[in-house]
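Take a look at the structure set out below.
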Amino acid sequence: MKTHFAAALGSVVLTAGTLLGAPAAGAQTAAVTAYPTSDFNINFGATWTRGTVTWYNRSVRIVGQHRSAVADSPLTCRTTWAYTLQADRAVIDQGGGYPIACGNIRSYDFVVPADQPGGAAYVRVCLDDENLKDLACKLIARPLQSAS
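Put into structure tokens, the structure is as follows:
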């Protein structure tokens, strides 16, 4: 009987010691899902696009709003377009474009692939007219990963 009790007590002590030394589950999840981000604000006359780039391993997500001051024509309507770039600034992929703002402010949320090892080194975010002509752009470098 003492042997069974001692074995059971030893098992409980070993399990408790293991659990106390393990990181909290929430802390482990937070480290895995903390992707780097970069904010941008691009102005062209009375129009603009503002948002955030989230950097994933093989894509980027662009979330924000763009503004068109007037709804006269495709030349005064606005949208946001983005390019993912390699370290040498060659284009990997591009995307965006919808919804288009014409005399108002519209929200957008889109993903641009960067399907190569390490993902995009840069993103070029542009404020475009409705014809997808780049009016003003900003080159954004991928943030450096902090050493843990």
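All residue numbers for the sequence shown refer to our numbering, where the first residue is 6 and numbers rise by one. Think of the CB as a built atom: it goes at the ideal place given N, C-alpha and C, for glycine as much as any other residue.
Would you mind working out which of the options sits nearest residue i, comparing C-alpha positions?
i    : options              : result
T84  : S78, Y103, L90, P122 : Y103
Y127 : N62, W53, T54, T52   : N62
T89  : P41, V58, T54        : V58
C131 : N48, A95, I110       : N48
P79  : W53, R66, G50, N136  : N136
G50  : D44, A74, G56        : A74
Would the beta-carbon of residue i fall within 8 Å of that of residue j?
i    : j    : result
P148 : W60  : yes
D139 : V117 : no
R66  : I110 : no
A87  : R55  : no
Residue i and residue j look like a contact to me (Cβ under 8 Å); what is the Cβ gap, rounded to whole Å?
i    : j    : result
F115 : G101 : 5 Å
Y40  : G69  : The Cβ separation is near 16 Å, so there is no contact.
C82  : A106 : 6 Å
Return the CA-CA distance between residue i and residue j, expressed in angstroms with no decimal places.
i   : j   : result
A29 : S64 : In this prediction, A29 has a pLDDT of 44, which is less than 50 and means its spatial position is unreliable; what the coordinates show is noted afterwards. Each residue's Cα considered, the two are about 29 Å apart.
Q33 : W53 : Low local confidence applies: a pLDDT of 45 at Q33 is under 50, so the model's placement there is unreliable, and no value is given.
T42 : A76 : 32 Å
Are any of the Cβ atoms in chain D nearer than 8 Å to that of residue i?
i   : result
D77 : The structure shown contains no chain D; it holds only a single protein chain.
First and last residue of the beta strand (DSSP E) that includes residue i?
i    : result
V68  : 64-72
Q150 : Counting along the chain, Q150 falls outside any beta strand (DSSP E), and DSSP gives it neither H nor E.
D133 : 127-134
Tell me whether residue i, by its Cβ, gets closer than 7 Å to a heavy atom of the ligand COA.
i    : result
V130 : The ligand COA is absent from the structure shown, which contains no ligand whatsoever.
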